[in-house]
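A.B. asks:
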Ligand code: F3S
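Residue numbers (the numbering used here): 19 to 299.
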């Protein structure tokens, strides 16, 4: 059995930065709470909870005097509410997510209706729309936009940071080719994160050379799900696992196996998978 790891894989700089900021804050201020998971990985959330950094569902559940904004950011209106309550804020929003938020805010200020190419219910996407004052829509399906009867005459399109550039380009093309009879002005802002793109390119390169791809990361992690979808689309056998406990002996054999991990997957989880492969392959 041959094992290769994608050239770019695992923690991105935004996740590393968020974890560092949270740990530093916990050392200085004691226990703190993040609104939503700090990053989309159960193992990271669990290890942070050992340090007194716990996740709560919403601002109403906060009990600590320090609240952290997770790497995928928060709706600006929620941040304003936190400030009004005089709670200390640790902002671990990834700078790339901040760029998307500020782009949405600027578009809304300039009178544009904001279209976010992204998973409607993902916290990052909800947060970005919040920075536009809720003045827009989030979807992965261009048909939904095209079926809106009365489109505003100025629209801005941006993307969830973890989306695939080619899919974003298709989405933009489908919209621009159909709405120009109603929309007077379109503004497109590329808010896709380079770290995501580099991981996707490296995973695709590896997927084309191997017999099987293992994509490691949270099942609710957008960027990990995208990696798994992209690898599977090459036709190679692909399995998305969150931890080594999901490995199956029947997947193994005399195969060339490629590994990649989402941007919020700790190295330890990947190392456990490699150890399993070496023992059982
Ligand atoms: Fe930020 Fe990109 Fe990572 S948006 S959290 S650097 S995947």
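Just so it is clear, CB atoms sit at the ideal spot from N, CA and C, and this is done for glycine as well. Fair warning: this is a prediction, and the values are worked out from it, not measured in the lab.
1) Tell me whether residue 135, by its Cβ, gets closer than 7 Å to a heavy atom of ligand 2.
2) How far does the beta strand (DSSP E) with residue 205 in it reach, from first residue to last?
3) Can you give me the start and stop residues for the beta strand (DSSP E) that residue 255 sits inside?
4) May I have the straight-line CA-CA distance separating residue 47 from residue 84, to the nearest angstrom?
5) In the segment 148-227, which residue ranges form an unbroken alpha helix (DSSP H) of at least 4 residues, counting only runs that do not cross its ends?
6) Measuring only the C-alpha atoms, how far is residue 268 from residue 291?
7) Among 297, 145, 194, which has the Cα closest to the Cα of residue 111?
8) So, under 8 Å CB-CB, residue 52 and residue 24 are touching, yes? Tell me the CB distance rounded to an integer number of Å.
9) Helix, strand or coil: which one does DSSP assign to residue 274?
10) In the segment 23-68, which residue ranges form an unbroken alpha helix (DSSP H) of at least 4 residues, counting only runs that do not cross its ends?
11) Check whether the Cβ of residue 114 lies closer than 7 Å to any heavy atom of ligand 1, and answer yes or no.
12) In the DSSP output, what is residue 137 paired with across the bridge?
13) Rounding to the nearest angstrom, what Cα-Cα distance links residue 105 and residue 77 in this structure?
C.D. replies: Let me spell this out:
1) For the structure depicted, ligand 2 is absent and the ligand set comprises only ligand 1.
2) The continuous beta strand (DSSP E) containing residue 205 extends over residues 203-206.
3) Taken as a continuous stretch (DSSP letters only), the beta strand (DSSP E) holding residue 255 covers 255-259.
4) Approximately 7 Å, taken between the alpha carbons.
5) Considered as a whole, the segment 148-227 harbours 160-164, 183-197, 212-225 as its complete alpha helix (DSSP H) runs of no fewer than 4 residues, in chain order.
6) Using only the alpha carbons, I get a separation of about 15 Å.
7) Comparing Cα positions, the closest option is 145.
8) Rounded, the Cβ-Cβ distance is 29 Å, inconsistent with contact.
9) Reduced to three states, the DSSP call for residue 274 is strand.
10) For secondary structure counted as the alpha helix (DSSP H) over 4 or more consecutive residues, the segment 23-68 holds these complete runs in sequence order: 31-47, 60-67.
11) Yes, ligand 1 has a heavy atom inside 7 Å of this Cβ.
12) When beta bridges are read from the DSSP output, residue 137 appears opposite no residue.
13) Taking the straight line joining both Cα atoms gives about 10 Å.
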